[in-house]
Amino acid sequence: MMSRHAAGLCAFVLVARHGQLSAAARELRISQPGLSQRLKNLEDSLQVTLFERTHRGVRLTEQGAELLATVEPLLGNLAANFRRFTHRKRTPSVLVSVDFAFASFWLLPRLARLREAIHPIDISMLTSQQPELAAGLSVDLTIRMAEGDDIEARETKLMDERVSAVCSPAFLASHPGLSTPADLAGLPLLSLATPSTSHWYDWGSWFAHFGIDARSDSERTSFTSYDIVVRAAQAGLGVALGWHGLIDDLLEEGGLVPAVPDVAASGRGYFIHMGQETPSSAAARVHDWIVEEVGGAASVARAPR
Numbered sequence: 005m006m007s008r009h010a011a012g013l014c015a016f017v018l019v020a021r022h023g024q025l026s027a028a029a030r031e032l033r034i035s036q037p038g039l040s041q042r043l044k045n046l047e048d049s050l051q052v053t054l055f056e057r058t059h060r061g062v063r064l065t066e067q068g069a070e071l072l073a074t075v076e077p078l079l080g081n082l083a084a085n086f087r088r089f090t091h092r093k094r095t096p097s098v099l100v101s102v103d104f105a106f107a108s109f110w111l112l113p114r115l116a117r118l119r120e121a122i123h124p125i126d127i128s129m130l131t132s133q134q135p136e137l138a139a140g141l142s143v144d145l146t147i148r149m150a151e152g153d154d155i156e157a158r159e160t161k162l163m164d165e166r167v168s169a170v171c172s173p174a175f176l177a178s179h180p181g182l183s184t185p186a187d188l189a190g191l192p193l194l195s196l197a198t199p200s201t202s203h204w205y206d207w208g209s210w211f212a213h214f215g216i217d218a219r220s221d222s223e224r225t226s227f228t229s230y231d232i233v234v235r236a237a238q239a240g241l242g243v244a245l246g247w248h249g250l251i252d253d254l255l256e257e258g259g260l261v262p263a264v265p266d267v268a269a270s271g272r273g274y275f276i277h278m279g280q281e282t283p284s285s286a287a288a289r290v291h292d293w294i295v296e297e298v299g300g301a302a303s304v305a306r307a308p309r
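Here the working numbering is used: the first residue of the sequence shown is 5, the next is one more, and so on.
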């Protein structure tokens, strides 16, 4: 059954990534009606609706988002390895497993400079909510949020977890007098829908850090992508949690502002991990570039023996 639906799953992942049938059809080199039929066959087999149509294209349903989270790491890794094989004689390649937030707000804005510093090179990013689950899938580098006592050998700490409540300047102006975390109770809160095994702050643990009962009358809106959480905050839809080191540019530009001055810090942080005991020269260079770019003050942490 898996082989029978492999084409449909690949088509599904591409449509989810592009958000448009036409763009995905061009990449697959098939007609748009042919692509639509593949998706319909997959939906009929699974007895679910995977996409909703919008005026700009399509968007995932709840069932579609759940399926994407299940299959994208494996199919994404397969595509990355195939791309690596086809380019093996021309350009060294590096596969980085990373969470959506770090990829969107830290790595992507610096990707051009990374390519310029290490040229020629092919960079592939395998993005998921839990990048450590891709361990063993020929990943060269893993960037993940982890506890300080839950790290492995060859891991380097990039940044500590420091989290503020942030919102748009207009939202802050319309809610004067905010000064403490308790003042956020009752306001619209924006959050990332995270698995129960997640290692980072959510609103409950962020409030608890300041001794505040998480139960409140706040209206909460959850999204499956941190990028959308931040966009919603910029649009003035509520208050979001902002990770320093990822949203610093938005704070400097004024697109986001702290809702209150308090910052929650934990023993967690972002770590970068060499996936291979004998890393390639290209992987080692990318690793060192990222560590230096973060600030040059990263501390190397070893797992307990």
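All residues carry an ideal CB built from backbone N, CA and C; glycine is no exception.
Pairwise C-alpha distance: Glu-76 and Ala-15:
11 Å
I need the straight-line Cα distance from Glu-151 to Ser-142, nearest angstrom please.
24 Å
Determine the burial state of Gln-51: buried for a count of at least 16 other Cβ atoms within 10 Å of its Cβ, exposed for fewer.
exposed
Of all the options Ile-147, Gln-134, Leu-254, Thr-95, which has the alpha carbon lying nearest to the alpha carbon of Val-298?
Ile-147
List the whole-angstrom C-beta distance separating Ala-268 from Trp-210, where the pair is believed to meet the contact cut-off of C-beta under 8 Å.
5 Å
Since Pro-262 is in the beta strand (DSSP E), which residue starts that stretch and which ends it?
261–278
Report, in whole angstroms, the separation of the C-beta atoms of Gly-249 and Leu-260, which I expect to be a contact under 8 Å.
No, Gly-249 and Leu-260 are not in contact; Cβ-Cβ is about 14 Å, not under 8 Å.
Three-state class that DSSP yields for Arg-60 in the structure shown
coil
CA nearest to the CA of Gly-279, picked from Glu-156, Ile-125, Leu-39, Ile-127:
Glu-156
Endpoints, the alpha helix (DSSP H) within which Ser-195 is located:
It is not in any alpha helix (DSSP H) - Ser-195 instead sits in the beta strand (DSSP E) that spans 193–196.
Please classify Asp-217 as buried or exposed, where buried requires at least 16 neighbouring CB atoms within 10 angstroms.
exposed
C-beta contact flag for Arg-272 and Met-149 at 7 Å:
yes
Can you tell me whether Leu-43 is helix, strand or coil according to DSSP?
helix
By a C-beta neighbour count over all protein chains shown, 10 Å radius and 16 as the cutoff for buried, is Gly-12 buried or exposed?
buried
Applying the criterion that 16 or more other CB atoms from any shown protein chain within 10 Å of the CB defines a buried residue, is Lys-161 buried or exposed?
buried
Coarse secondary structure for Thr-146, derived from DSSP in three states
strand
Extent of the continuous beta strand (DSSP E) run through Ile-232:
Not the beta strand (DSSP E): Ile-232 falls in the alpha helix (DSSP H), residues 230–238.
My assumption, with CB atoms under 8 Å, is that Trp-293 sits in contact with Ala-29. Please give the rounded CB distance.
Not a contact, Cβ separation roughly 36 Å.
Can you tell me whether DSSP reads Ile-294 as helix, strand or coil?
helix
Looking at the secondary structure, which residues open and close the beta strand (DSSP E) in which Trp-210 lies?
Run containing Trp-210: none in the beta strand (DSSP E); it sits in the alpha helix (DSSP H), 207–213.
Who are the near neighbours of Val-100 in its chain, counting only those whose CB is closer than 6 Å to its CB and skipping five residues on each side?
Met-129, Leu-145
Please report the distance separating the alpha-carbon of Val-234 from that of Ala-169.
11 Å
Determine the DSSP secondary structure at Val-102, reduced to helix, strand or coil.
strand
Check whether Ala-69 and Thr-228 have beta carbons under 7 Å apart:
yes
Val-52 (DSSP reduced to helix, strand or coil):
coil
Find the nearest neighbour of Asp-103 within the set Gln-134, Pro-113, Leu-111, judged by alpha-carbon distance.
Gln-134
Could you check the C-alpha separation between Asp-253 and Trp-207 for me, to the nearest Å?
23 Å
How far does the beta strand (DSSP E) with Ser-172 in it extend, from its first residue to its last?
Looking at the DSSP string, Ser-172 is not in any beta strand (DSSP E), and its letter there is neither H nor E.
Other residues of its chain near Arg-395: CB distance less than 8 Å, five sequence neighbours each side excluded
As shown, the chain starts at 5 and ends at 309. That puts residue 395 outside it, with no answer to give.
Can you list, in chain order, the residues of its chain with a C-beta nearer than 8 Å to that of Val-243? Leave out the 5 residues immediately preceding and following it.
Ala-169, Val-170, Cys-171, Phe-175, Leu-188, Leu-191, Pro-192, Leu-193, Leu-194, Ala-237, Ala-263
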